[in-house]
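Mapping the sequence shown onto UniProt numbering, position 73 (from 1) lands on 73, and the numbers just tick up by one.
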Amino acid sequence: MPIAEGGASVGFDYTLSGVDWPGLCQTGQRQSPINIVSGSETWLDVPESLRPNLDFGTGTAVKVINFGRYFQVLWTPLRPPNASVTLGALFGQPNFTGPGVLGPNGTVIPGNGEDRVPLIPQQWHLHTPSEHAIDGKLAVIEAHLVTLVPNTSVPACGSAGCTQVFGVLYDIVEDTELPDTFLSPFLYDLPESIGTQYGDNFTSDFVLDFAEFFPNDTSDYVTYSGSLTTPPCTENVLWTVLLSNPTVSISQVETLANGQAVTQRPLECYPVPDSDLNLEQLQKPSGTFQICSAQGQRESDRFPQALHGRMVTRYA
């Protein structure tokens, strides 16, 4: 069963942007998201051989699920993922090679720092506005790809495995400009009703290509040790936030914001004329697109959390 940010929790919402969430969400010292301040990062010259491999393959049988608080995308692997991260990077030591990688509790992890361990993609979803801030400013949308290092690869990860989340921040452009097209099929096909049983299944010929999930430039990013951004706010999550931003249009942001109201009531939808869409680009048949909205708060983001002295590493 794919893991989800907050997938094991019920009853939370974004009315107070997470301020009222209990437990570790209140007391944790390694919480996410954070404000990334330019110039305060620890710069590391990391060779390509030690950087993450972002080949997450492709997917079919794509399904969008409305959880009331956010929309989540699931799929069945078509071309299997080949993504990986070094053992050192997984535990916050990206330039470390040889034996002696230190785990979260100071224990020595078996293996060498340059050893690669697989990243298995679990699901991806969107927040609006973004959760991470850059120099105090939020982006209009943030996409999260949640991945898992299974404990069969790294026993020190425990029975649940180790979680690494990749965050992509989006800039906004005018509708007359050409935004990146990756999000378009998902934003115009949001399911109206809440629950996994009402998920929207894409046509069998639709292919989810994770090469398009990431910006064209994946060389500039920061990493830090954080948490899931929804209850139970589990810590020791490795975050990678890309600093090159793809784009979305104003109407795309409005569509997501309208659909992600926290009222948890069915959405009211109306069709989008085929004349307004590039059907060939979206890989969808005519007459299948709609825009949905619900009354209520439009945000789905947690406020940035205190850094508490954590190191934020920027890859050069």
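Think of the CB as a built atom: it goes at the ideal place given N, C-alpha and C, for glycine as much as any other residue.
Small disclaimer: the values here were computed from a predicted structure and weren't measured.
Within 8 Å, strictly: CB atoms of residue i and residue j
{"i": "residue 138", "j": "residue 150", "result": "no"}
{"i": "residue 71", "j": "residue 65", "result": "yes"}
{"i": "residue 240", "j": "residue 182", "result": "no"}
{"i": "residue 318", "j": "residue 247", "result": "No answer is possible for residue 318: the residues shown for the chain start at 1 and end at 316."}
{"i": "residue 244", "j": "residue 209", "result": "no"}
{"i": "residue 41", "j": "residue 312", "result": "yes"}
{"i": "residue 114", "j": "residue 50", "result": "yes"}
{"i": "residue 301", "j": "residue 131", "result": "yes"}
{"i": "residue 98", "j": "residue 190", "result": "no"}
{"i": "residue 255", "j": "residue 187", "result": "yes"}
{"i": "residue 227", "j": "residue 31", "result": "yes"}
{"i": "residue 96", "j": "residue 88", "result": "yes"}
{"i": "residue 35", "j": "residue 136", "result": "yes"}
Where residue i falls, given that 16 or more other Cβ within 10 Å makes a residue buried
{"i": "residue 48", "result": "exposed"}
{"i": "residue 37", "result": "exposed"}
{"i": "residue 217", "result": "exposed"}
{"i": "residue 84", "result": "buried"}
{"i": "residue 19", "result": "exposed"}
{"i": "residue 309", "result": "exposed"}
{"i": "residue 195", "result": "exposed"}
{"i": "residue 185", "result": "buried"}
{"i": "residue 315", "result": "buried"}
{"i": "residue 153", "result": "buried"}
Spatial distance of residue i from residue j (CA atoms)
{"i": "residue 382", "j": "residue 242", "result": "Nothing about residue 382 can be read from this structure; the chain reaches only from 1 to 316."}
{"i": "residue 250", "j": "residue 106", "result": "47 Å"}
{"i": "residue 233", "j": "residue 12", "result": "12 Å"}
{"i": "residue 78", "j": "residue 200", "result": "19 Å"}
{"i": "residue 94", "j": "residue 127", "result": "28 Å"}
{"i": "residue 231", "j": "residue 15", "result": "14 Å"}
{"i": "residue 171", "j": "residue 178", "result": "12 Å"}
{"i": "residue 86", "j": "residue 118", "result": "9 Å"}
{"i": "residue 305", "j": "residue 202", "result": "36 Å"}
{"i": "residue 27", "j": "residue 44", "result": "30 Å"}
{"i": "residue 162", "j": "residue 76", "result": "21 Å"}
{"i": "residue 123", "j": "residue 63", "result": "10 Å"}
{"i": "residue 73", "j": "residue 147", "result": "13 Å"}
{"i": "residue 307", "j": "residue 29", "result": "8 Å"}
{"i": "residue 46", "j": "residue 39", "result": "18 Å"}
{"i": "residue 290", "j": "residue 198", "result": "16 Å"}
{"i": "residue 141", "j": "residue 17", "result": "15 Å"}
Beta bridge counterpart(s) of residue i as assigned by DSSP
{"i": "residue 138", "result": "133"}
{"i": "residue 221", "result": "242"}
{"i": "residue 175", "result": "Looking at the DSSP assignment, residue 175 forms no beta bridge with any residue, so it has no partner."}
{"i": "residue 99", "result": "112"}
{"i": "residue 122", "result": "In the DSSP output, where bridge partners are listed per residue, residue 122 has none listed."}
{"i": "residue 143", "result": "126, 168"}
{"i": "residue 235", "result": "227"}
{"i": "residue 184", "result": "Note: residue 184 sits in no beta bridge, so no partner."}
{"i": "residue 209", "result": "58"}
Minimum C-alpha distance to residue i - residue among the options
{"i": "residue 156", "options": "68, 109, 229", "result": "109"}
{"i": "residue 303", "options": "33, 25, 98", "result": "33"}
{"i": "residue 145", "options": "121, 309, 131, 186", "result": "121"}
{"i": "residue 317", "options": "230, 52, 189, 26", "result": "Missing from the structure shown is residue 317; the chain here goes from 1 to 316 and no further."}
{"i": "residue 204", "options": "59, 17, 162", "result": "59"}
{"i": "residue 134", "options": "103, 112, 169, 125", "result": "169"}
{"i": "residue 116", "options": "101, 235, 206", "result": "101"}
{"i": "residue 80", "options": "153, 160, 23, 207", "result": "207"}
{"i": "residue 212", "options": "257, 69, 271, 143", "result": "143"}
{"i": "residue 193", "options": "35, 46, 141, 269", "result": "269"}
{"i": "residue 68", "options": "39, 21, 125", "result": "125"}
{"i": "residue 299", "options": "253, 112, 88, 21", "result": "253"}
{"i": "residue 164", "options": "112, 91, 141, 111", "result": "91"}
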